[in-house]
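**Student:**
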Amino acid sequence: MKKISEYLFFISAGGCIYYTFEVIFRGFSHWTMFLLGGICFLFFEIQGRMVHWEDALWLQLVRCIVFVTSMEFITGIIVNKWMRLGVWDYTGQPFQLFGQICLPFVVIFSGLSVIGIIVSGYLSHWLYNEPKPHFHVL
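Take the position in the sequence shown, starting the count at 1, then add 21; the result is the number in the numbering used here.
1) Quick one, which of S131, G58, I122 has its alpha-carbon nearest W109's?
2) Quick check on W103: buried or exposed, where buried means 16 or more other Cβ atoms within 10 Å of its Cβ?
3) Answer with buried or exposed for M71, where buried requires no fewer than 16 other C-beta atoms within 10 angstroms of its C-beta.
4) Look at the alpha carbon of T90 and the alpha carbon of W79, and state the distance between them as a whole number of angstroms.
5) Residues in the same chain with beta-carbon distance under 6 Å from F64, minus the five sequence neighbours each way, listed in chain order, please.
6) What residues in its chain sit with their C-beta under 7 Å from that of Y28, if we drop five residues either side in the sequence?
7) Let me know the secondary structure DSSP gives Q68 once reduced to three states.
8) Measuring only the C-alpha atoms, how far is K92 from F42?
9) What number of angstroms, rounded off, separates the C-alpha of V128 from the C-alpha of G58?
10) Y40 and F55 - do their beta-carbons sit closer together than 8 Å?
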(Lines of atoms letter the chains of each structure in order from A; the text may use other names.)
(Lines give C-alpha, C1' and ligand atoms only; values in the text may rest on other atoms or scores of the structure.)
Protein backbone atom coordinates (compact mmCIF):
# COMPACT_ATOMS: atom_id res chain seq x y z
CA MET A 22 0.00 0.00 0.00
CA LYS A 23 2.91 2.34 0.76
CA LYS A 24 4.28 2.00 -2.79
CA ILE A 25 0.89 2.72 -4.33
CA SER A 26 0.60 5.96 -2.37
CA GLU A 27 4.16 6.90 -3.38
CA TYR A 28 3.43 6.21 -7.03
CA LEU A 29 0.20 8.22 -6.90
CA PHE A 30 2.04 11.08 -5.21
CA PHE A 31 4.77 11.19 -7.87
CA ILE A 32 2.26 10.93 -10.72
CA SER A 33 0.15 13.73 -9.21
CA ALA A 34 3.12 15.96 -8.41
CA GLY A 35 4.72 15.45 -11.82
CA GLY A 36 1.40 15.95 -13.57
CA CYS A 37 0.76 19.21 -11.73
CA ILE A 38 4.27 20.49 -12.38
CA TYR A 39 4.21 19.69 -16.10
CA TYR A 40 0.63 20.87 -16.65
CA THR A 41 1.47 24.18 -14.93
CA PHE A 42 4.68 24.51 -16.96
CA GLU A 43 2.72 24.11 -20.20
CA VAL A 44 0.06 26.61 -19.17
CA ILE A 45 2.72 29.20 -18.25
CA PHE A 46 4.81 28.81 -21.40
CA ARG A 47 2.23 27.67 -23.95
CA GLY A 48 -0.95 29.26 -22.63
CA PHE A 49 -2.90 26.00 -22.38
CA SER A 50 -2.50 22.29 -21.78
CA HIS A 51 -4.50 19.08 -21.99
CA TRP A 52 -5.35 16.45 -19.37
CA THR A 53 -3.26 13.90 -21.25
CA MET A 54 -0.19 16.07 -20.56
CA PHE A 55 -0.95 15.80 -16.84
CA LEU A 56 -0.77 12.00 -17.15
CA LEU A 57 2.32 12.06 -19.35
CA GLY A 58 4.15 14.45 -17.02
CA GLY A 59 3.18 12.36 -14.02
CA ILE A 60 4.33 9.09 -15.53
CA CYS A 61 7.65 10.65 -16.55
CA PHE A 62 8.20 12.12 -13.06
CA LEU A 63 7.50 8.71 -11.53
CA PHE A 64 10.04 7.17 -13.91
CA PHE A 65 12.67 9.73 -12.81
CA GLU A 66 12.25 8.60 -9.22
CA ILE A 67 12.10 4.87 -9.94
CA GLN A 68 15.17 4.80 -12.18
CA GLY A 69 17.20 6.71 -9.59
CA ARG A 70 16.08 4.54 -6.71
CA MET A 71 16.82 1.35 -8.67
CA VAL A 72 20.48 2.34 -9.01
CA HIS A 73 20.55 3.86 -5.49
CA TRP A 74 21.20 7.28 -7.05
CA GLU A 75 24.77 6.15 -7.71
CA ASP A 76 24.82 6.46 -11.51
CA ALA A 77 26.25 9.68 -12.88
CA LEU A 78 23.63 12.34 -13.54
CA TRP A 79 24.41 12.27 -17.28
CA LEU A 80 23.64 8.53 -17.40
CA GLN A 81 20.36 9.00 -15.53
CA LEU A 82 19.55 11.80 -17.94
CA VAL A 83 20.17 9.57 -20.96
CA ARG A 84 17.78 6.93 -19.53
CA CYS A 85 15.17 9.57 -18.79
CA ILE A 86 15.44 11.26 -22.19
CA VAL A 87 14.95 7.94 -23.96
CA PHE A 88 11.91 7.27 -21.75
CA VAL A 89 10.42 10.77 -22.07
CA THR A 90 10.90 10.90 -25.84
CA SER A 91 9.44 7.41 -26.28
CA MET A 92 6.44 8.26 -24.10
CA GLU A 93 5.88 11.54 -25.95
CA PHE A 94 5.94 9.70 -29.28
CA ILE A 95 3.56 6.97 -28.10
CA THR A 96 1.22 9.51 -26.49
CA GLY A 97 1.33 11.66 -29.61
CA ILE A 98 0.43 8.77 -31.88
CA ILE A 99 -2.51 7.85 -29.65
CA VAL A 100 -3.75 11.35 -28.78
CA ASN A 101 -2.94 13.27 -31.95
CA LYS A 102 -3.12 10.65 -34.70
CA TRP A 103 -5.60 7.99 -33.56
CA MET A 104 -7.90 10.13 -31.40
CA ARG A 105 -7.32 13.28 -33.51
CA LEU A 106 -7.28 15.60 -30.50
CA GLY A 107 -4.54 17.82 -31.94
CA VAL A 108 -2.78 18.49 -28.64
CA TRP A 109 0.51 19.29 -30.41
CA ASP A 110 2.08 19.17 -33.85
CA TYR A 111 5.82 19.48 -34.44
CA THR A 112 5.53 19.16 -38.22
CA GLY A 113 7.15 22.56 -38.77
CA GLN A 114 10.05 21.85 -36.42
CA PRO A 115 13.46 20.59 -37.54
CA PHE A 116 14.33 16.91 -37.12
CA GLN A 117 10.77 15.82 -36.37
CA LEU A 118 9.16 12.40 -36.65
CA PHE A 119 5.50 12.30 -37.78
CA GLY A 120 5.02 15.67 -36.04
CA GLN A 121 5.06 13.95 -32.64
CA ILE A 122 8.67 14.40 -31.49
CA CYS A 123 11.43 16.76 -32.61
CA LEU A 124 15.00 17.59 -31.66
CA PRO A 125 14.36 21.10 -30.24
CA PHE A 126 11.84 19.73 -27.76
CA VAL A 127 14.09 16.80 -26.86
CA VAL A 128 16.63 19.45 -25.80
CA ILE A 129 14.01 21.36 -23.79
CA PHE A 130 12.80 18.16 -22.14
CA SER A 131 16.43 17.31 -21.30
CA GLY A 132 16.65 20.41 -19.14
CA LEU A 133 13.32 19.66 -17.50
CA SER A 134 14.40 16.05 -16.93
CA VAL A 135 17.56 17.07 -15.05
CA ILE A 136 15.42 19.17 -12.72
CA GLY A 137 12.88 16.33 -12.43
CA ILE A 138 15.56 13.77 -11.55
CA ILE A 139 16.97 15.95 -8.77
CA VAL A 140 13.57 17.01 -7.37
CA SER A 141 12.19 13.45 -7.43
CA GLY A 142 15.27 12.15 -5.63
CA TYR A 143 15.01 14.63 -2.81
CA LEU A 144 11.22 14.28 -2.50
CA SER A 145 11.67 10.53 -2.25
CA HIS A 146 14.21 11.05 0.54
CA TRP A 147 12.31 13.74 2.45
CA LEU A 148 8.81 12.25 2.19
CA TYR A 149 9.42 8.50 2.07
CA ASN A 150 12.72 8.03 3.93
CA GLU A 151 14.43 6.63 0.86
CA PRO A 152 18.24 6.93 0.82
CA LYS A 153 19.48 10.47 0.22
CA PRO A 154 20.50 10.94 -3.40
CA HIS A 155 24.13 11.83 -4.10
CA PHE A 156 24.25 13.41 -7.51
CA HIS A 157 27.48 13.59 -9.43
CA VAL A 158 28.10 14.62 -13.00
CA LEU A 159 30.74 12.07 -13.97
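Glycine residues also receive a C-beta, built at the ideal position from the N, C-alpha and C atoms.
**Tutor:** Put simply:
1) I122
2) exposed
3) exposed
4) 16 Å
5) F88
6) L63
7) helix
8) What sits at residue 92 in the sequence shown is Met, not Lys. Between M92 and F42, the C-alpha separation is close to 18 Å.
9) 16 Å
10) yes
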